[in-house]
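K.L.:
Residue numbers (UniProt numbering): 1 to 222.
For every residue, glycine included, the Cβ atom is placed at its ideal position computed from N, Cα and C.
Only a predicted model underlies this, so the values are computations on that prediction, with no experimental measurement involved.
Just passing along the structure, written as structure tokens.
As structure tokens, this is what we get:
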């Protein structure tokens, strides 16, 4: 029955493409979380009334974040070709997509981190300050734990955006389901391949959403 619906779909090729999509998504997500949290913390701490209040640093960082958020991802990949070639040694394949995925998504997650930190009860932060807590202690014992449910929700949203970005990266030879849908489906007029890739991407998105929601609910003590 499935062979009749998807005559041009080869299971081994779809498995390989799915692996490449998950590889790009998960590996880049690690970098996005690290850089996103660092940028989000910097935005929060240097903003008005922040512990490190510095409007010059805040507005400079905010401008950089806004710039990379504004550039369409497919254009960002092209702009980063020289950097990717220098860093990875090639502009094709799953590994070559990682720098653009991180640079394109970290600013987006940084804003979600900043919002999550702003929503932390200021009374808790002030109480920690009054007890002489150092900035490091406030960050790791107050800000991050208190905002964890929102941070996890932000990771879920960002991971789903990353899945979409990997599909776009496939248009320029990064591999994955996007690459297979475009080159082996659309270009050859084998639309059953396009449909199969779409179904798998949707399933992956639902799985990521389910896992993210489950973790967020478990750690939310409110």
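How should residue 168 be labelled, buried or exposed, when 16 other C-beta atoms within 10 angstroms of its C-beta is the threshold for buried?
P.N.:
buried
K.L.:
Around the Cβ of residue 90, are there at least 16 other Cβ atoms within 10 angstroms (buried) or fewer (exposed)?
P.N.:
exposed
K.L.:
State the DSSP-derived secondary structure class of residue 51, mapped to helix, strand or coil.
P.N.:
coil
K.L.:
Looking at residue 142 and residue 128, is the spacing between their C-beta atoms short of 7 Å?
P.N.:
yes
K.L.:
Quick check: the Cα distance between residue 154 and residue 122, rounded to an integer number of angstroms?
P.N.:
21 Å
K.L.:
Between which two residues does the alpha helix (DSSP H) harbouring residue 159 extend?
P.N.:
Residue 159 -> alpha helix (DSSP H) spans 148-169.
K.L.:
Would a C-beta distance cut-off of 7 Å place residue 87 and residue 99 closer than the cut-off?
P.N.:
yes
K.L.:
Tell me which same chain residues have a C-beta within less than 7 Å of the C-beta of residue 178, skipping the five on either side of it?
P.N.:
166, 167, 168, 169, 170 and 171
K.L.:
In whole angstroms, give me the CA-to-CA distance for residue 213 and residue 26.
P.N.:
Their Cα atoms are separated by approximately 17 Å.
K.L.:
Tell me, please, whether the region 194-201 touches the region 6-21 by the rule of three or more beta-carbon pairs shorter than 8 Å.
P.N.:
yes
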